[in-house]
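**Q** Basically my numbering = 1-based index in the sequence shown + 227.
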Amino acid sequence: MWLSKIHYRNHRKDKQQKSGQLFGLFLFYNMIQQLLKYRFLLWFIVAILQAAFTDIFHDEAYYWLWSKHLAWGYYDHPPMIAWIIRIGTVFGDQEIFVRLVVVLMNLVFIYLLEKLVAPKNLLLFWKIILSVFVLQIGGIIAVPDLPLMFFAILFFFALKQYLENDSILLATLLAIVSAGMIYSKYHAVLVLVFSLIVQPQLLKRKSFYWFVSLVILSGLPHLFWQQQHNWVSFHYHLVERSVGENFKIENTLDYIVTQLLFTGPLIGVIFLFALFRFKTKTAFEFSLKTFGVGLFVFFFLMSFKGRVESNWTNVGFIPLVYFGYSFTEDREKWKKAIHIIFCISFPLVILARIFLVYD
Numbered sequence: 228m229w230l231s232k233i234h235y236r237n238h239r240k241d242k243q244q245k246s247g248q249l250f251g252l253f254l255f256y257n258m259i260q261q262l263l264k265y266r267f268l269l270w271f272i273v274a275i276l277q278a279a280f281t282d283i284f285h286d287e288a289y290y291w292l293w294s295k296h297l298a299w300g301y302y303d304h305p306p307m308i309a310w311i312i313r314i315g316t317v318f319g320d321q322e323i324f325v326r327l328v329v330v331l332m333n334l335v336f337i338y339l340l341e342k343l344v345a346p347k348n349l350l351l352f353w354k355i356i357l358s359v360f361v362l363q364i365g366g367i368i369a370v371p372d373l374p375l376m377f378f379a380i381l382f383f384f385a386l387k388q389y390l391e392n393d394s395i396l397l398a399t400l401l402a403i404v405s406a407g408m409i410y411s412k413y414h415a416v417l418v419l420v421f422s423l424i425v426q427p428q429l430l431k432r433k434s435f436y437w438f439v440s441l442v443i444l445s446g447l448p449h450l451f452w453q454q455q456h457n458w459v460s461f462h463y464h465l466v467e468r469s470v471g472e473n474f475k476i477e478n479t480l481d482y483i484v485t486q487l488l489f490t491g492p493l494i495g496v497i498f499l500f501a502l503f504r505f506k507t508k509t510a511f512e513f514s515l516k517t518f519g520v521g522l523f524v525f526f527f528l529m530s531f532k533g534r535v536e537s538n539w540t541n542v543g544f545i546p547l548v549y550f551g552y553s554f555t556e557d558r559e560k561w562k563k564a565i566h567i568i569f570c571i572s573f574p575l576v577i578l579a580r581i582f583l584v585y586d
């Protein structure tokens, strides 16, 4: 009888422990669901605090100076970043106002990226987002990359609709966001070329020529500024920047290593693997993949003639996240890998945020 009592007590303890574990898991799951419910508000609060308490970087000071002398162009970049900083600094020249519009653009970018991916597994999507250093820290720095990413996500949204519906209105919208890209960074040309060159059927649409005409017209003020200043930006990027540069294997190896780190730092391998392996199902996905592959291959080839800055592929995060999520959504082993990467990367991102504030 006493053995029966011992078994009974042990059974009750096991049952209580399991009940406690299940209750703990329920509370944790409920907390996660609440955090996901307010994900964009939390993203904005963290970003605006980071922007307010992180000291201005050298590049940001350079572009802030541009904002005090607005023009249609500058020595090494189009003028969008100057216009953006000027809007924010109407309220003052503190760090938070220099970065204000960029922070808002980053918030909209993440929101639209989620809408573009349309994840069934929202938690998996946000594990991916929170594992990428640049999407968080880079999203508060007032440099030309974020405006390019912002207008690029709008471009792909409009392109997806335009590929399905021949419409003058959509063509006009596509032209407006294309102009935004071009005035943000010259890399916008790669977005346009690689995503549209694989859609020859667009040449049969009258609205496509309307789109091309609007893009050309929108670029005329910048071209006129370049003509007045002896094409200084084009000369810098095409000639001056390459003076004395020769093929060095270390430049190519540096590009490969930095891209693997820059796109994660740990999840970059999965991103790039998914980008090249994912089988597209729609015309839009084919355009997005062609752009992603074309971007990374283009700068890989550019590394043969000189050093490639890691941030030049920033806009590639759109296809990387899209195909990274799509590739792993139904693969349990890959989802487990992302969970492990998230558990390692997220604390590192938090430490990096603290480091930027205090150093």
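Beta carbons: idealized from backbone N, C-alpha and C, even for Gly.
For V404 versus F378, is the C-beta distance shorter than 8 Å?
**A** Cβ distance < 8 Å, so V404 and F378 count as in contact.
**Q** Using CA atoms only, rank isn't needed, just tell me which of L268, P374 and H414 is closest to F461.
**A** Comparing Cα positions, the closest option is H414.
**Q** If distances are taken between C-alpha atoms only, which option among E477, G315, K560 and L381 comes closest to L327?
**A** Comparing Cα-Cα distances from L327 to each of E477, G315, K560 and L381, the minimum goes to G315.
**Q** Under 8 Å Cβ to Cβ from A298, same chain only, skipping five residues before and after it: list those, please.
**A** Same-chain partners within the cutoff: P306, A309 and W452.
**Q** K562: which of K532, G366, K433 and A501 sits nearest, CA to CA?
**A** The shortest Cα separation from K562 among K532, G366, K433 and A501 belongs to A501.
**Q** Helix, strand or coil: how does DSSP classify D303 here?
**A** Coil at D303, not helix or strand.
**Q** Please report the Cβ distance between V418 and F518, rounded to the nearest whole angstrom; I am assuming they are in contact, meaning their Cβ atoms lie under 8 Å.
**A** V418 to F518, Cβ: 6 Å. Contact.
**Q** Measuring only the C-alpha atoms, how far is L254 from I355?
**A** Because the pLDDT at L254 is just 45, under 50, the model does not fix this residue reliably, and the point stays unresolved.
**Q** Below 8 Å, can you find three or more Cβ-Cβ pairs linking the segment 375-393 to the segment 470-486?
**A** Because the criterion of three Cβ pairs below 8 Å is not met, the segment 375-393 and the segment 470-486 do not touch.
**Q** DSSP three-state label for H285, please.
**A** Three-state result, H285: helix.
**Q** Leaving out five residues on either side along the sequence, give the residues of the same chain with a beta carbon under 7 Å from the beta carbon of Q277.
**A** Around Q277: I367 and R580.
**Q** Less than 7 Å separating the Cβ of I497 from some heavy atom of the ligand COA?
**A** The ligand content of the structure shown is nil, which means the ligand COA is not present either.
**Q** Taking only runs of the alpha helix (DSSP H) that begin and end inside the segment 306-353, which ones reach a length of at least 4 residues, in chain order?
**A** Runs of the alpha helix (DSSP H) inside the segment 306-353: 307-315, 322-325 and 327-344.
**Q** Pick helix, strand or coil for A398, following the three-state DSSP scheme.
**A** Helix.
**Q** Just verifying my parser: in three-state terms, what is the DSSP assignment at W270?
**A** Reduced to three states, the DSSP call for W270 is helix.
**Q** Whole angstroms is fine: what's the gap from I283's alpha carbon to F550's?
**A** Answer to the nearest angstrom: the Cα atoms are 34 Å apart.
**Q** Between the C-alpha atoms of F360 and G491, what's the straight-line distance to the nearest angstrom?
**A** Those two C-alpha atoms are separated by around 6 Å.
**Q** Enumerated in chain order, which unbroken segments of the alpha helix (DSSP H) with a length of 4 residues or greater are wholly contained in the segment 360-432?
**A** DSSP runs (the alpha helix (DSSP H)) wholly in the segment 360-432: 360-364, 372-391, 395-409 and 415-423.
**Q** Can you tell me whether DSSP reads H462 as helix, strand or coil?
**A** Here H462 sits in helix by DSSP.
**Q** With H, G and I counted as helix, E and B as strand and the rest as coil, what does DSSP make of S530?
**A** Of the three classes helix, strand and coil, the one that applies to S530 here is coil, per DSSP.
**Q** Applying the criterion that 16 or more other CB atoms from any shown protein chain within 10 Å of the CB defines a buried residue, is N333 buried or exposed?
**A** The residue in question, N333, is buried, as its Cβ has 16 or more Cβ neighbours within 10 Å.
**Q** Please list the terminal residues of the continuous alpha helix (DSSP H) segment that includes F500.
**A** G495 to R504 is the span of the alpha helix (DSSP H), which, as asked, contains F500.
**Q** Which one of I494, N541, F503 and A288 has the shortest CA to CA distance from I568?
**A** Taking only the C-alpha atoms, the option nearest I568 is I494.
**Q** Using alpha carbons as the reference points, say which of G365, A288, W291 and K264 lies closest to V576.
**A** The shortest C-alpha separation from V576 is found at G365.
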